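Working notes for the structure below.
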Amino acid sequence: MRTALSAMTVLLAGALIGAGVATAEPAPLAPSADQLQAQLQKVLDRSLPDSERAAELQGGLAAVPTANNIAGVMDQYSSMMSWRVQNASLSGDQVNAQLAVTVPIFGTKTHDIYWVNSDGAWKLSNPSACVIARDAAGVDCTV
């Protein structure tokens, strides 16, 4: 009887240890404002392949035309304006930040934007692409 009880105990312990606990895939570490700045610069770099830029956007390839619209204005007026991602902070499943756009004569205006965790990577959200397009660049949002 003792042998049977010992065997059952070993089997039960093995089953419990082997079963493990299911855990959700951890979100990637929250990026810094500088990392988000670099990511947004990549999105707006029209010399890069669309597929590479789309990988940084929640909307994927469908969001690239909006990125092109924004990049056109940013490139055209780059000598008269500057922009910077700032104040990045993790909030649940998104990273909130601000896009600060400075035009020397008019000062700096900030726009609230955010990135979402999608497929294990932080991607500029569709609503944020539209905020940048409409409010910062004055162009159409196609996402």
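With the numbering used here as the guide, the letters of the sequence shown map in order to residues 388 to 530.
In this text, a Cβ means the ideal position worked out from N, Cα and C, and glycines have one as well.
This structure is a prediction, so every number in the text was calculated from the model and none was measured.
If contact is defined by three or more beta carbon pairs under 8 Å, each pair taking one atom from either stretch, is the segment 416-435 in contact with the segment 468-480?
In short, these stretches touch, since the Cβ pair count reaches three.
On a CA-only basis, which of V518, W509 and T489 is nearest I500? Give me that one, please.
Position 113 of the sequence shown holds residue 500. The shortest Cα separation from I500 among V518, W509 and T489 belongs to V518.
Can the beta-carbon of W509 be found closer than 9 Å to that of P452?
On the sequence shown, position 122 is the one that residue 509 refers to. On the sequence shown, position 65 is the one that residue 452 refers to. Not closer than 9 Å, so no.
When the distance is taken between beta carbons, is L511 closer than 9 Å to T497?
Looking up residue 497 in the sequence shown gives position 110. Looking up residue 511 in the sequence shown gives position 124. It is not a contact, given that the beta carbons lie outside the stated cut-off.
Just to confirm my understanding: we take A449, look at its own chain, exclude 5 residues before and 5 after, and list those with CB closer than 7 Å. What are they?
Counted from its first residue, the sequence shown places residue 449 at position 62. Excluding residues within five positions, the ones whose Cβ falls inside 7 Å are V530.
Beta-ladder partner(s) of L416, from DSSP
Counting from one through the sequence shown, the residue named residue 416 turns up at place 29. In the DSSP output, where bridge partners are listed per residue, L416 has none listed.
Beta-carbon proximity of D437 to A458, cut-off 9 Å:
Looking up residue 437 in the sequence shown gives position 50. Looking up residue 458 in the sequence shown gives position 71. For the 9 Å CB-CB criterion, D437 and A458 do not form a contact.
Just mark V482 as buried or exposed, buried being the case when its beta carbon has 16 or more other beta carbons within 10 Å.
Within the sequence shown, the letter at position 95 stands for residue 482. Counting Cβ neighbours within 10 Å, V482 comes out buried, since at least 16 surround it.
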